[in-house]
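Protein chains in written order, with this note's numbering: chain U, 578 to 917; chain F, 137 to 440; chain R, 2 to 306. A virtual CB, placed ideally from N, CA and C, is assigned to each residue, including glycine. These notes concern the structure reproduced below.
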Amino acid sequence: MAEVGDVILSVCDLRTHFRGEEGIVKAVDGVSFDLRRGGVLGIVGESGSGKSVTNLSILRLIPDPPGRIVGGEILFHRQNLLSVTDAEMRKVRGNRISMIFQDPMTSLNPYLTVGRQLTEVLEEHFAASPADARRQSIDMLARVGIPEPENRIDQYPHQFSGGMRQRVMIAMALLCKPEILIADEPTTAVDVTIQAQILDLIGSLRRDLGTAVILVTHDLGVVAGMADEILVMYAGRVVERGTADDIFHRPSHPYTLGLLRSIPRLDTSESRLVPIRGTPPDLARLDAGCPFRPRCDFAEARCSESYPPTRTVGAATHEAACFVDPATAPTTTPRAEVEP
Amino acid sequence: MNARVTNGKPIVDNFDEIHGTSLWADAWRRLRKHKLAVAGGAFLGFVVVFCFLGPMVVGWVWGYTYESQNLAYGAQPPSFAHWFGTDFLGRDLMVRVMHGGRISLMVGVVATIVSLFIGVTYGAISGFAGGVTDNIMMRVVDVLYTLPYMFIVILLVVIFGRSIFMVFVGIGGVLWLTMARLVRGQVLSLKHRDYVEAARAIGVPNLTIIFRHLVPNAMGPIIVLSTLTIPSVMLQEAFLSFLGLGVQPPASSWGLLVAEGAQSMVFYPWLLVFPAAFLALTLLSLNFLGDGLRDALDPKTRKD
Amino acid sequence: MGRYIIRRILGFFPTLFCVITVAFFIIRVAPGGPFDRDKKIPPKVLEAIEEKYHLDKPLYVQYVLYLKQIASFDLGPSYKYQEMSVNEIVGQGFPVSMQLGLVALFFSLMIGLGAGLIAAIRRNTFWDYGSMGFAMLGIAIPNFVIAPILILFFSLGLSIFPPGRWESWESVILPGFSLSLVHAAYIARLARAGMLDVLTEDFIRTARAKGLRERLVILRHALRGGITPAVSYLGPAAAAMLTGSIVVEKIFLIPGMGRYFVDAALNRDLTLVMGVVIVDAAVLLVFNLIVDILYGVLDPRVRYD
Ligand SMILES: Nc1ncnc2c1ncn2[C@@H]1O[C@H](COP(=O)(O)OP(=O)(O)O)[C@@H](O)[C@H]1O
Ligand SMILES: [Mg+2]
Numbered sequence: 578m579a580e581v582g583d584v585i586l587s588v589c590d591l592r593t594h595f596r597g598e599e600g601i602v603k604a605v606d607g608v609s610f611d612l613r614r615g616g617v618l619g620i621v622g623e624s625g626s627g628k629s630v631t632n633l634s635i636l637r638l639i640p641d642p643p644g645r646i647v648g649g650e651i652l653f654h655r656q657n658l659l660s661v662t663d664a665e666m667r668k669v670r671g672n673r674i675s676m677i678f679q680d681p682m683t684s685l686n687p688y689l690t691v692g693r694q695l696t697e698v699l700e701e702h703f704a705a706s707p708a709d710a711r712r713q714s715i716d717m718l719a720r721v722g723i724p725e726p727e728n729r730i731d732q733y734p735h736q737f738s739g740g741m742r743q744r745v746m747i748a749m750a751l752l753c754k755p756e757i758l759i760a761d762e763p764t765t766a767v768d769v770t771i772q773a774q775i776l777d778l779i780g781s782l783r784r785d786l787g788t789a790v791i792l793v794t795h796d797l798g799v800v801a802g803m804a805d806e807i808l809v810m811y812a813g814r815v816v817e818r819g820t821a822d823d824i825f826h827r828p829s830h831p832y833t834l835g836l837l838r839s840i841p842r843l844d845t846s847e848s849r850l851v852p853i854r855g856t857p858p859d860l861a862r863l864d865a866g867c868p869f870r871p872r873c874d875f876a877e878a879r880c881s882e883s884y885p886p887t888r889t890v891g892a893a894t895h896e897a898a899c900f901v902d903p904a905t906a907p908t909t910t911p912r913a914e915v916e917p
Numbered sequence: 137m138n139a140r141v142t143n144g145k146p147i148v149d150n151f152d153e154i155h156g157t158s159l160w161a162d163a164w165r166r167l168r169k170h171k172l173a174v175a176g177g178a179f180l181g182f183v184v185v186f187c188f189l190g191p192m193v194v195g196w197v198w199g200y201t202y203e204s205q206n207l208a209y210g211a212q213p214p215s216f217a218h219w220f221g222t223d224f225l226g227r228d229l230m231v232r233v234m235h236g237g238r239i240s241l242m243v244g245v246v247a248t249i250v251s252l253f254i255g256v257t258y259g260a261i262s263g264f265a266g267g268v269t270d271n272i273m274m275r276v277v278d279v280l281y282t283l284p285y286m287f288i289v290i291l292l293v294v295i296f297g298r299s300i301f302m303v304f305v306g307i308g309g310v311l312w313l314t315m316a317r318l319v320r321g322q323v324l325s326l327k328h329r330d331y332v333e334a335a336r337a338i339g340v341p342n343l344t345i346i347f348r349h350l351v352p353n354a355m356g357p358i359i360v361l362s363t364l365t366i367p368s369v370m371l372q373e374a375f376l377s378f379l380g381l382g383v384q385p386p387a388s389s390w391g392l393l394v395a396e397g398a399q400s401m402v403f404y405p406w407l408l409v410f411p412a413a414f415l416a417l418t419l420l421s422l423n424f425l426g427d428g429l430r431d432a433l434d435p436k437t438r439k440d
Numbered sequence: 002m003g004r005y006i007i008r009r010i011l012g013f014f015p016t017l018f019c020v021i022t023v024a025f026f027i028i029r030v031a032p033g034g035p036f037d038r039d040k041k042i043p044p045k046v047l048e049a050i051e052e053k054y055h056l057d058k059p060l061y062v063q064y065v066l067y068l069k070q071i072a073s074f075d076l077g078p079s080y081k082y083q084e085m086s087v088n089e090i091v092g093q094g095f096p097v098s099m100q101l102g103l104v105a106l107f108f109s110l111m112i113g114l115g116a117g118l119i120a121a122i123r124r125n126t127f128w129d130y131g132s133m134g135f136a137m138l139g140i141a142i143p144n145f146v147i148a149p150i151l152i153l154f155f156s157l158g159l160s161i162f163p164p165g166r167w168e169s170w171e172s173v174i175l176p177g178f179s180l181s182l183v184h185a186a187y188i189a190r191l192a193r194a195g196m197l198d199v200l201t202e203d204f205i206r207t208a209r210a211k212g213l214r215e216r217l218v219i220l221r222h223a224l225r226g227g228i229t230p231a232v233s234y235l236g237p238a239a240a241a242m243l244t245g246s247i248v249v250e251k252i253f254l255i256p257g258m259g260r261y262f263v264d265a266a267l268n269r270d271l272t273l274v275m276g277v278v279i280v281d282a283a284v285l286l287v288f289n290l291i292v293d294i295l296y297g298v299l300d301p302r303v304r305y306d
């Protein structure tokens, strides 16, 4: 594995809100994390927990209106990206920090050839000549495993399969050899058989290029093998963070526990899968308490009074935002009795 | 509520019903927030009252009808006795605008209702039947689309002559093409829904499925298109009246009043301004209302 | 692309044939023959005339004869303008309407696309509300109101353009502009809506995430998809402009097709009506064809289906 170096990206208390019809939606509300050179940060959580908004905020791609980054800092090499000019921000996007998206079917422009969409990145950032840009693009397509790249480069996205399109997206993101690759659920929309290939590809390119990766997923299993650090998000906040080991072997937030129970595991004998009951909260109607408490098996009275402070668990790298430790606390709501 | 919870999702027995009511309630709420649509709706309400009750009030207060002439008092500018002024024959313009409005509005509504009946029936049957039937029925629509619109309208004028209402029943009979295409598209996308398949499985007759299940679910776009059809028909009426092929004097319509007013706009501008303002504001209101309804009923295509 | 275009072109003739057939029978079924109104014509003469125009034959024979005639590009003699053939009348009026229509098409594209794109890019600003307000007025105010105002202002007031007639290049400006306004308004609305739609697409976010300048995002990535709705409106709109507006031709005293058409219909000059219908339908079909080809040019998914 490549050397993990110093912190290159530091997100501090990021807050991104949307103005909706029912009021302010606090999609991201106080998220902080560090990303080190060459490191892999996994972000997990149910859909709607604010993972994409966190990442779009880093690149300042939040549509405004209705969204706005209302607080926090995003320090990239100590420079706050939230205070640079639009022109400077453009020089970062796609060049030093790139992003690939969930749905490769809609994320490529259907009206332009794949080649056009690749070369324009190099032309924009390096003022590359058309011939140069084309050659580099073909190289990159070959590198991400697209056969006959000299021919495929002149085709349109609809002539590629879903997995191949995601490879094109990856090629596009890596053309400028970025320091950070943000992969927002890169495997959610592709066939199960392709998912492992895509993840392998991201892993090996990371090793070769030394790119740091933020890997977003709602599937804990995906990040288990890759991430140095994992953030678990719920309702716009980080509820637990730690190494893969911490998260998998000593989950310390009831939500993390619930996530783990709901995915199949090979390392325990328990074969029963238990979904988390209830539905995600309405982000426009959060109160002062813990937003997970209506679904929580360990909820107590104080959970509705204030948001639980962050508590260090065992190793210094392992934190959870919960009053109780699900490993030791008794459940307050026996599962069998849950009937609304 | 009689709902069970499995997998974190409530299971409700009749999903469509709940979805349906909340859809309309939501749409109503969104429509009320659309300022232009509300203003348009309010103005339309005013215009309807003005045109249909106004003449009675004027009759009580001043005693004019739309035909009462006073040649000695011709082409007077607006005054207290004649708020909108008078025309060349000394007729009160306000009463004429009211009467003209009745005809213009009725013509718009009649033609739209005709187009609604034919278009919805034709489109729903075509979409529901599918296959060869659908293909043939849509080919017919394509061919009719290609016939020059003015050809049909003028032909109608030639056939029905002075009977303006028959002309607009006929125009409704031309406008159904767009409605038919729209309804067909909606039906195509709805007909494989579970509740339709279920209804078919238990032997509900096809016509019942079409008019009980499919058409009501396509109501949103149908309402929107109808709201936008009314102004375009009113504009057609205005054009025909301008060409001398529409409403015949002494009857009147906004189109006819505007056409007459346009000829003397330099020296008698009020003859143009009042009817033109009513026509334009009514058309604007209908368009705003249509836009608002579209935004309210189809949040996907909302533009702001 | 070649196969796609050929398929579209092959669809042209059956449709035109159907239109001719439908129009032919609608006209013949409509009450009143071409010479019914002229009560003064003695029966003998009427018979002679009807024989000359094959009106004495059964309907299907008339139809077959008419088709044969059309096949040799002969639209037949005019019933009313006895000294002229329909080909001659159309040959006079159509070029005039065409020129007027091309000017109007140009205006409506420039104004419509310009206003629509600006409104979409500067959404919810003065520019957006201004353009859309004007578009609404263009749709709601009939052009027989706008045209006299334009004449009043530009010809009688400022004497920049002539108020009517068909004499010099300046005389096409005002009517062309009047004719274009309503179409410009629709194009502006469609272009704005289309652009706003496209700008919410995922691939636009991708383009921004790549660090492209906003100008490239708009012009290279959004424009093609954004103007598609306006392009589909353009087929019928261009045909309507090029085949002559009855109202505008009447106001500006322009000797185009529109005027002949009304006269012909009112006079039951059936061959002339048929001639105009055929030419109009053909123009509409040609423009629909052009639109289909434009779709193919704009969208590779259409081209390669
Ligand atoms: N464009 C938007 N407009 C309004 N609300 C948004 C928008 N994008 C995201 N949100 C809100 O932010 C919340 C978090 O979304 P997201 O970050 O996409 O979740 P996920 O964790 O699945 O990536 C959503 O529940 C939604 O309410
Ligand atoms: Mg997401």
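Since residue i contacts residue j with CB under 8 Å, what's their CB separation in whole angstroms?
i	j	result
glycine 813 of chain U	leucine 860 of chain U	6 Å
threonine 764 of chain U	leucine 776 of chain U	6 Å
threonine 272 of chain R	valine 87 of chain R	5 Å
proline 687 of chain U	arginine 304 of chain R	Their Cβ separation, rounded to whole angstroms, is 11 Å, which puts proline 687 of chain U and arginine 304 of chain R out of contact at 8 Å.
At the level of alpha carbons, what is the spacing between residue i and residue j?
i	j	result
valine 183 of chain F	valine 305 of chain F	23 Å
arginine 645 of chain U	isoleucine 366 of chain F	41 Å
lysine 603 of chain U	glycine 648 of chain U	11 Å
alanine 804 of chain U	arginine 784 of chain U	13 Å
valine 816 of chain U	leucine 863 of chain U	15 Å
alanine 316 of chain F	leucine 283 of chain F	16 Å
leucine 417 of chain F	arginine 190 of chain R	19 Å
leucine 429 of chain F	valine 323 of chain F	20 Å
alanine 897 of chain U	arginine 742 of chain U	37 Å
glutamate 756 of chain U	glutamine 713 of chain U	18 Å
isoleucine 21 of chain R	aspartate 281 of chain R	11 Å
leucine 200 of chain R	proline 643 of chain U	14 Å
lysine 327 of chain F	asparagine 353 of chain F	10 Å
phenylalanine 162 of chain R	alanine 148 of chain R	13 Å
For residue i, which residues in chain U fall below 7 Å Cβ to Cβ?
i	result
glycine 1 of chain R	Look at the range of chain R in this structure, 2 to 306, and you will see that residue 1 of chain R is not part of it.
What residues of chain R sit near residue i, judged by a beta carbon separation below 7 Å?
i	result
aspartate 680 of chain U	Asp203
glycine 671 of chain U	Ala210, Lys211 and Gly212
lysine 668 of chain U	Gly212
histidine 702 of chain U	Gly212
Could you name the residues of chain R that residue i contacts, counting a contact when the two beta carbons are closer than 8 Å?
i	result
asparagine 271 of chain F	Within chain R, no residue comes near asparagine 271 of chain F; the closest Cβ sits about 13 Å away, beyond 8 Å.
aspartate 278 of chain F	Thr16
proline 763 of chain U	Those do not exist, as proline 763 of chain U stays about 13 Å from chain R at its closest Cβ, beyond 8 Å.
Give me, in chain order, the residues of the same chain whose beta-carbon lies closer than 6 Å to that of residue i; leave out the 5 immediate sequence neighbours on both sides.
i	result
valine 938 of chain U	Because chain U spans 578 through 917 in this model, residue 938 of chain U falls outside it and cannot be assessed.
serine 629 of chain U	Asp761
aspartate 590 of chain U	Gly607, Ser609 and Gly649
Which chain F residues sit within Cβ distance under 9 Å of residue i?
i	result
lysine 58 of chain R	Going along chain F, no residue has its Cβ under 9 Å from lysine 58 of chain R, so there is no contact; the nearest lies around 23 Å.
arginine 269 of chain R	Val294
With a threshold of 8 Å on Cβ separation, who are the neighbours of residue i within its own chain once the five nearest residues in sequence on each side are excluded?
i	result
threonine 908 of chain U	Asp874 and Phe875
Report the partner residues of residue i according to the DSSP bridge assignment.
i	result
serine 86 of chain R	R:Pro78
leucine 675 of chain U	The question names leucine, yet the displayed sequence has serine at residue 675 of chain U. According to DSSP, serine 675 of chain U bridges with U:Leu758.
glutamate 817 of chain U	U:Val809 and U:Ala897
Tell me which residues share the same chain as residue i and place their Cβ nearer than 7 Å to its Cβ, disregarding the 5 neighbours each side in the sequence.
i	result
glutamate 916 of chain U	Residue placement at glutamate 916 of chain U cannot be trusted, given a pLDDT of 39 that sits under 50; what the coordinates show is reported in the next sentence. Excluding positions up to five away in sequence, the list is empty.
List, in chain order, every chain U residue whose beta-carbon is nearer than 8 Å to that of residue i.
i	result
arginine 302 of chain R	Pro687, Tyr733 and His735
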